[in-house]
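Student:
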Amino acid sequence: MFNDKSILITGGTGSFGRKYVGNLLKNFKPRRLVIYSRDELKQYEMQQEFDQSPMRYFIGDVRDGERLRTAMKGIDFVIHAAALKQVPAAEYNPMECIKTNIHGAENVIQASLEANVEKVIALSTDKAAQPINLYGATKLASDKLFIAANNMAGGHRTAFGVVRYGNVVGSRGSIVPLFNKLLAEGTDHLPITDPRMTRFWITLQQGVDFVNRSFERMSGGEIFVPMIPSVRIPDLAAAMAPDLPTRVIGIRPGEKLHEIMCPTDDSHLTLRFHDHFVIKPTIKFFRKDVDYVTNQIGEHGEPVSDGFEYNSGRNDHFLNVSEIREFNRIAVQ
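All residue numbers for the sequence shown refer to this note's numbering, where the first residue is 1 and numbers rise by one.
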């Protein structure tokens with residue numbers, strides 16, 4: 001699918017981007033692979049690892065529409081991974097979060113249309129479903145923008161979709177690196193915000209594979225949600241440090257006890273496939289009549305039951321302590 005194609009990743013120096021680039025160079029032969037991000041040091045470090053001929057590095061911010069338009073010339077596929085993601089930081093710096101996550105999404109959409117990009121996938125988060133924090137609210141707005149962009153395409157070939165998934169094991173700023181840092185420093189306990197807390201759990205590799213599959217599956221307008229396990233945060237602490245006690249420190253600003261990826265209010269729009277869900281768009285697209293029940297690779301989905309909710313606290317699949325330990329081991333490979 002990506003052979004002799006040009007791909008651009010916004011926020012490409014992040015955890016997802018680095019993993020995605022490694023997999024893309026290993027399994028495909030892209031014509032160009034463009035990393036678009038604002039951190040020159042991270043780009044320099046990434047260049048030391050990935051210096052193959054297809055690689056291109058663009059310094060730029062998604063807030064800068066003109067720079068995005070320059071970077072997207074000749075691009076076939078876009079993965080929009082750039083975002084301000086730290087929940088407490090977003091609560092304290094709301095306007096900065098809005099500028100990147102909402103206005104940045106607008107710029108990516110406009111640049112993609114002007115460049116006549118073939119397909120765009122925006123990475124979302126479980127926090128965008130029934131959001132209670134600013135980060136989740138901005139990502140919900142971003143999701144809505146990318147879905148509605150299919151109505152703006154007009155004579156362009158561009159199709160837009162969204163991939164929504166949960167906590168990525170080992171990604172920067174997440175709980176596993178925090179626990180590892182504390183353990184390396186010789187801590188006498190692990191802090192947990194609430195013993196009832198649960199989270200969806202996915203590895204970077206699973207996220208990469210799911211995005212690639214979603215490019216193949218998409219018609220435009222879908223929110224793709226993988227079926228993944230949940231973990232209980234006390235079980236995670238027990239898996240990483242079985243001999244250490246935990247200390248409850250309280251929920252951080254904007255944090256939920258459980259995460260949702262398919263909300264109840266969207267159950268009438270949600271289709272269950274063999275390994276994922278699809279949330280259909282709430283709006284009808286002009287000149288675009290899509291049967292989302294059957295995707296572009298012939299897989300068939302079934303409507304979920306009325307009132308269905310995909311919730312990390314009521315998931316069918318929870319990892320136990322030994323499974324979490326093995327999951328985390330695989331995640332760092």
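All residues carry an ideal CB built from backbone N, CA and C; glycine is no exception.
(1) Checking 7 Å against the spacing of the C-beta atoms, do V108 and I75 come in under that value?
(2) Between L134 and E106, which are expected to be in contact by the criterion C-beta below 8 Å, what is the C-beta distance as a whole number of angstroms?
(3) Can you check the segment 69-97 for any alpha helix (DSSP H) of at least 4 residues that lies completely inside it and give the ranges in chain order?
(4) For a minimum of 3 consecutive residues, which ranges assigned as the beta strand (DSSP E) are wholly contained in the segment 140-218?
(5) Just mark N315 as buried or exposed, buried being the case when its beta carbon has 16 or more other beta carbons within 10 Å.
(6) According to DSSP, which residues form a beta bridge with T246?
(7) Nearest to L145 by CA position, among I132, S124 and H156, is which residue?
(8) Excluding the 5 residues preceding and the 5 following V176 in the sequence, name in chain order all residues of the same chain whose CB lies nearer than 7 Å to its CB.
(9) Decide if the segment 182-194 is in contact with the segment 262-269; the criterion is three or more beta carbon pairs, one per stretch, under 8 Å apart.
(10) Leaving out five residues on either side along the sequence, give the residues of the same chain with a beta carbon under 8 Å from the beta carbon of F179.
(11) Can you tell me where the beta strand (DSSP E) holding P18 begins and where it ends?
(12) Quick one: using the 10 Å Cβ neighbour count with 16 as the cut-off for buried, is K29 buried or exposed?
(13) What residue range does the alpha helix (DSSP H) around L236 cover?
(14) Find the nearest neighbour of S142 within the set T294, V62, S230 and N3, judged by alpha-carbon distance.
(15) On the DSSP bridge list, what partners appear for Y55?
(16) Inspect the beta-carbon positions of F77 and I147 and report whether they are closer than 7 Å.
(17) Measuring straight from C-alpha to C-alpha, what distance separates F308 and S267?
(18) In the DSSP assignment, find the unbroken alpha helix (DSSP H) run with M227 in it and report its ends.
(19) Looking only at its chain, what residues have a beta carbon closer than 7 Å to the beta carbon of G207, apart from the 5 residues adjacent to it on each side?
(20) How do the segment 293-300 and the segment 208-223 stand: do at least 3 beta-carbon pairs fall below 8 Å, yes or no?
(21) Find the nearest neighbour of R213 within the set F273, M72 and E255, judged by alpha-carbon distance.
(22) Give the straight-line distance between the Cα atoms of R38 and I59, rounded to the nearest whole angstrom.
(23) Are I132 and I223 close, meaning C-beta to C-beta below 7 Å?
(24) Using a 10 Å radius around the Cβ and a threshold of 16 neighbouring Cβ atoms, would you call M1 buried or exposed?
Tutor: In terms of the structure at hand:
(1) no
(2) With 8 Å as the limit, L134 and E106 do not qualify as a contact, their Cβ atoms being about 17 Å apart.
(3) 87-92
(4) 159-163, 190-192 and 198-202
(5) buried
(6) L190
(7) S124
(8) V169, G170 and N328
(9) no
(10) L190, L236, A237, M240 and A241
(11) Rather than Pro, the amino acid found at residue 18 in this sequence is Arg. Per DSSP, R18 belongs to no beta strand (DSSP E); it is in the alpha helix (DSSP H), S15 to N27.
(12) exposed
(13) I233 to M240
(14) V62
(15) Correcting the residue type first, residue 55 is Met in the shown sequence and not Tyr. Bridge partners of M55: L33.
(16) no
(17) 5 Å
(18) Here M227 belongs to no alpha helix (DSSP H), and DSSP marks it neither H nor E.
(19) F16, Y165 and V168
(20) yes
(21) F273
(22) 5 Å
(23) no
(24) exposed
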